[in-house]
Amino acid sequence: MEKRIVLMFLISIFVFAIRFHNVAHAEGGDTSPALFTISDEYPTDKPEPQSEVPVPTSMPIASQQPEVAIASSAMRPQLTQAYIDTIASHEIQHGDGNYRGIALTFDCGANVRSLNSILATLATHSAKGTFFLEGNFVAYHPEIVPSILQGGNEIGNHSYGHPYFTRLTQAQVATELAKTELVISVAAGRLMPMRYFRFPYGARNATTRRLIAEQGYQSIFWGIDPQGWRKGVNANSVIANVTSKAYPGAIVLMHCANVADENALPVVIDYLHGQEYVLGTLSEIINPLYVAPQAHRPITYLPHVS
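The sequence shown maps to residues 81 to 386 in the numbering used here.
Below, the structure written as structure tokens:
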């Protein structure tokens, strides 16, 4: 009952903010068709380079939206400094090498048809995946959230508008995370305080990892990038990239808007199942509560807990 009251409170705040925003834009002639409207920029999937980008010497100044700040604090319990320090200093790149499991992960910022095709493939092939969603995409298509959850899949945060986090202020980072959490919670009909975050473009560093940790998020990278997002890469190339590099505990990066990834997925799943891999969610493949003693570099594996 308490959670339901909190959710209704958050929805009320969110709806008020949306209506205020929509009225302001209507006065200027905006006719956006989105169910939820916060950002005017429609999302698109973009390449994810495997690099760390330095923080620029000068960054824009912005304040966190008050309704988002309230929602964020209401959805997350108080985090201890020890917990923040732990997840800030570690990055999950793959799971336990002693457990024969692989996590198929999908970055999604566009293309509902492709997303539904991927969900259907996972369901018919007895596999699960983890979907890193952009909040702006969910705002346009809230129905995708229950569709993802129905199959036992997992949802992670991929920001609201897919910006370079290395160019954002602390307040902007918090807002990107909280806005996404809020629209996903509204779409799900329940509180959705997610634990995993994937940086847009893979652009991150120690500073940005700490900023997301302060919001309760663990950075998730990948071990296998099939390159399906690159121009000219087809399904056969994606299949070859995954099947030739598969290993226990691998985290595979794929996208919802890439035809190559979509078409390759059935063959990839059949091959991995044939090699006796378990294809589960990130939470099923890794143990996010494990802490390497006094580690000073990103975690590259975490033990599986049965």
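Beta carbons are placed, not taken as given, at the ideal position from N, Cα and C, and that holds for glycine.
Quick caveat: nothing in here was measured; it's all calculated off a predicted structure.
Beta-carbon contacts of residue i that lie in its chain and below 6 Å, excluding the five residues immediately before and after
i                 : result
alanine 302       : According to the sequence as given, residue 302 is tryptophan; it is not alanine. Ile331 and Leu333.
alanine 203       : Gly231
phenylalanine 212 : Asp187, Gly236, His238 and Arg278
glutamate 364     : none
Separation of residue j from residue i, as counted between CA atoms
i                 : j              : result
glycine 175       : proline 222    : 30 Å
aspartate 350     : tyrosine 357   : 10 Å
serine 324        : serine 317     : 11 Å
asparagine 233    : threonine 287  : 30 Å
tryptophan 309    : asparagine 338 : 6 Å
isoleucine 304    : isoleucine 319 : 12 Å
arginine 289      : threonine 260  : 17 Å
glutamine 173     : alanine 268    : 28 Å
alanine 340       : valine 348     : 12 Å
phenylalanine 280 : histidine 242  : For the sequence presented, residue 280 should be read as proline rather than phenylalanine. One C-alpha to the other measures close to 5 Å.
proline 346       : leucine 248    : 38 Å
glycine 209       : serine 194     : 14 Å
serine 169        : glutamate 294  : 12 Å
valine 266        : alanine 162    : 31 Å
isoleucine 182    : alanine 254    : 30 Å
threonine 201     : glutamate 342  : 9 Å
glutamine 252     : threonine 185  : 25 Å
serine 206        : isoleucine 164 : 35 Å
asparagine 196    : valine 313     : 22 Å
alanine 258       : threonine 246  : 17 Å
phenylalanine 217 : glutamine 298  : 22 Å
isoleucine 366    : lysine 311     : 32 Å
Inter-residue CB distance, residue i and residue j (contact presumed, cutoff 8 Å)
i              : j              : result
methionine 274 : glycine 215    : About 11 Å; that fails the 8 Å criterion.
tyrosine 179   : glycine 329    : 6 Å
alanine 315    : alanine 344    : 4 Å
isoleucine 300 : leucine 362    : 7 Å
glutamine 307  : asparagine 285 : 23 Å between Cβ atoms; not a contact.
valine 192     : alanine 219    : At roughly 13 Å, the Cβ-Cβ gap does not stay under 8 Å, so valine 192 and alanine 219 are not in contact.
tyrosine 240   : glutamate 256  : 5 Å
glutamine 250  : leucine 291    : 6 Å
Simplified DSSP state of residue i, which is helix, strand or coil
i                 : result
glutamate 234     : strand
isoleucine 366    : coil
serine 239        : coil
leucine 359       : strand
glycine 181       : strand
valine 313        : coil
serine 206        : coil
serine 227        : helix
phenylalanine 279 : coil
histidine 335     : strand
aspartate 187     : strand
phenylalanine 301 : coil
leucine 199       : helix
leucine 352       : helix
leucine 291       : helix
leucine 159       : coil
leucine 213       : strand
The ligand PLP heavy atom lying under 6 Å from the CB of residue i
i                 : result
phenylalanine 245 : This structure lacks the ligand PLP, and indeed carries no ligand of any kind.
Option in the options with minimal Cα separation from residue i
i              : options                           : result
isoleucine 198 : Gly177, Phe217 and Ile228         : Ile228
glycine 189    : Ser169, Val313 and Cys336         : Cys336
valine 429     : Gln252, Leu271 and Gly181         : Because the chain here runs from 81 to 386, residue 429 falls outside it and cannot be looked at.
tyrosine 327   : Ile164, Glu171, Tyr163 and Gly177 : Gly177
Nonlocal neighbours in the same chain, by C-beta distance under 7 Å from residue i, ignoring five residues either side
i           : result
leucine 159 : Gly296
Cutoff 8 Å; reference residue i; Cβ partners in own chain excluding five residues on either side
i            : result
tyrosine 244 : Val133, Pro280, Tyr281 and Ala283
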